[in-house]
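Those letters in the sequence shown? Residues 78 to 549, per this note's numbering, in order. Even for Gly, the Cβ is constructed at its ideal location relative to N, Cα and C. Predicted model only: the values in this text are computed from it and were never measured.
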Amino acid sequence: MPGLLQHLRLTLRLNFRSPQALVYGYLVPVFFLIAFGSIFKTAPPLWRELGQLLTITTLGGACFGMPTAMVAERERGVWRRYRLLPASTSAFVISTMLARFVLVATAAAIQIGLAKLIYGMPMPSHPVQLFIAFGFVCFAFLGMGLVIAMLAENVPAVQALGQAIFLPMIIIGGVGVPLAALPVWAQHVAGFLPGRYAVDALESCVNGPGLSAARFSLAALLSIGLAALLAGGKLFRWDGGQRLTATARAWAMVAILGWAGVGVTAEIRGKLIVVAEPASNSIAATILPATGPTPATLPTTQPNPPTPADWQSVTSADTNSITYDDLEPDESTVTPIAPSLNGLSEAAKGQMDDLAGKLADWKPAQDADPVRRVQNLLAVAAIPDILQDPNEPYIPLVVFEQIKGSMPTDQLIKVLTWIALHPDQGNPPAALPELGFPGPLQEDAVRQRCAAYGRKLLARLLGKVPGPTTEQ
């Protein structure tokens, strides 16, 4: 232990003496912060992208920072000298990873502090849990960095291997480009990359319910980290002149199998919800992986539904013909509805109050046509649900209150009945940038979610299920 601590202290001192290390370790993360702040200053707010930003910072340290330092020291013969000391190999490896964790964690703390100071970003909802989730992310990514360092023959090789991991993770891994902006095949591929689970775990603690909503992601990161650590340990070499044998290189497959195992498990267990493919390549709001069926599996029709010509023609028989047993439970990750707003953090309560205030003045919520008016409001619940927004279970409570206040109850029942019986009709918005939910998403997916939420509200109005409350 004294040797490990001494090596840790020495590594940190050498890092802070290196201008190049300081630039890559701190200046580059600040650059990413400013870039994200410029893009997401207005809609969506920067705090909704913080998970992606912290993931990019950690990924950069794992793909470039740590392996570059390790390979450079190995080329200079530093590690060959370490081998002569009375300390185990694992002590030096753990010390190196701890040093990089300290550097990445301080860079992340600087990003959060500057985001609050410059852009007025609120503090994370669960700061302690965020630190724990960040530890899981670092464990998975730094284990991957260890494998890169052991495979690379020199520093240029580190850059090549690092880019081969960094760029796919940013582009199709749900890190730099949110999942809703990707085609369906890329969304499935992202399930085999650790970046997706890193963003999920971090976002759950930044503005979501905390670690309880990210158990699978934490388990995925832990599995990926353990596989990488095992592979890196088997590939470890003290001297730059020591060449890896074909048998040794085969251990790199252990790290790859860790990714594959997580992806296959996620597919089998239905953890990779496929967000509707957008109509364009514009970047949508925060996307978090979650359980549940895809939009295509949502109920879209009623058994032998009557087809009134318009909402005024709806009768009580039409309303009574609607069934609700095929709806997803309120506790599901598809069309979820929380029992109340109790238990929300102060930041989340403020966001719900802000949404309620915006809806009161929102022009689509004042449409002269009652069906369009209600469908527009239902889209405010549907779009965050498709995007897997951290507040998705609470947004319907605010939306339902707005809908119920928009017209008399008997008229609303007819309108909701018509929407439920015609789930494929109407033109709900496919994006809500003015409310912080940009897109666009596929209109059919939004329309189906609107119909599902409409039936859930109708069931509450008819007393078939207990109604939620917005009391705080």
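Beta-bridge pairing of residue i - partner residues as DSSP gives them
i    : result
F313 : Answer is none; F313 lacks a bridge partner.
T514 : Here residue 514 turns out to be Phe, not Thr, going by the sequence shown. Beta-bridge pairing links F514 to L509.
Beta-carbon spacing of residue i, residue j below 8 angstroms
i    : j    : result
P505 : A437 : no
C282 : A210 : yes
L223 : A305 : yes
R449 : A442 : no
T173 : M147 : yes
I472 : L509 : no
D395 : T486 : no
L85  : A176 : yes
G427 : G340 : no
L312 : M227 : yes
L110 : F243 : no
Q206 : T134 : no
Y196 : G142 : no
M246 : G212 : no
T145 : V232 : yes
V252 : Q389 : no
I463 : V542 : no
A291 : A278 : yes
W336 : L270 : yes
Three-state secondary structure (DSSP) of residue i
i    : result
L91  : helix
F243 : helix
P383 : In this prediction, P383 has a pLDDT of 46, which is less than 50 and means its spatial position is unreliable; nothing more can be read from the coordinates.
I399 : coil
L538 : helix
H499 : coil
A411 : Ala is not the amino acid found at residue 411; the sequence shown has Val there. In this structure, V411 counts as coil in the three-state DSSP scheme.
P96  : helix
A424 : helix
L161 : coil
N453 : helix
V252 : coil
A367 : Its pLDDT being 36, under 50, A367 is placed unreliably in this model, and the coordinates cannot settle the point.
G268 : coil
A445 : coil
D466 : coil
A327 : coil
G48  : The structure shown has nothing for residue 48, since the chain only spans 78 to 549.
V391 : coil
R273 : helix
W262 : helix
Y101 : helix
G617 : Here the chain has residues from 78 to 549 only, and residue 617 is not among them.
P461 : helix
S576 : With the chain covering only 78 through 549, there is no way to say anything about residue 576.
Distance between beta carbons of residue j and residue i, contact taken as under 8 angstroms
i    : j    : result
L298 : F216 : 7 angstroms
N284 : A425 : 7 angstroms
T410 : A275 : About 19 angstroms; that fails the 8 angstroms criterion.
F178 : L127 : Contact doesn't hold; Cβ gap of about 19 angstroms is too wide.
I480 : L454 : 5 angstroms
P515 : E280 : Actually they are not in contact, since the Cβ atoms of P515 and E280 sit about 17 angstroms apart, beyond 8 angstroms.
M221 : A325 : About 18 angstroms; that fails the 8 angstroms criterion.
L518 : A507 : 5 angstroms
Reference residue i, options the options, closest by Cα
i    : options                : result
V170 : L538, R292, G318, L307 : L307
A185 : V214, L162, Q502       : V214
S202 : G338, L288, R292       : L288
A528 : F313, A458, P96, W156  : A458
K193 : L162, G253, V107, R153 : V107
Y159 : L270, D316, G138, V542 : D316
I249 : A168, P233, V266       : V266
I496 : N397, S95, V331, Q452  : Q452
G503 : G513, V492, E408       : V492
L334 : R320, I301, E344       : I301
R412 : P517, R153, I242, L474 : In the sequence as displayed, the identity of residue 412 is Thr instead of Arg. Comparing Cα positions, the closest option is L474.
R550 : F477, P163, P245, M246 : Outside the displayed span of the chain (78 to 549) sits residue 550, for which this structure offers no information.
E408 : P447, E469, Q389       : E469
G513 : Q129, L432, K440       : L432
H499 : E405, I414, A149, R526 : R526
T166 : Q236, S115, S294, G310 : G310
P447 : D387, N397, D402       : D387
S422 : T183, P96, G154, P204  : P204
G138 : F113, V235, G114       : V235
T322 : W336, F293, E230       : E230
G338 : F93, A296, A415        : A296
Any non-hydrogen atom of the ligand ADP within 7 angstroms of residue i CB
i    : result
V235 : Looking at this structure, you won't find the ligand ADP or any other ligand, since it has none at all.
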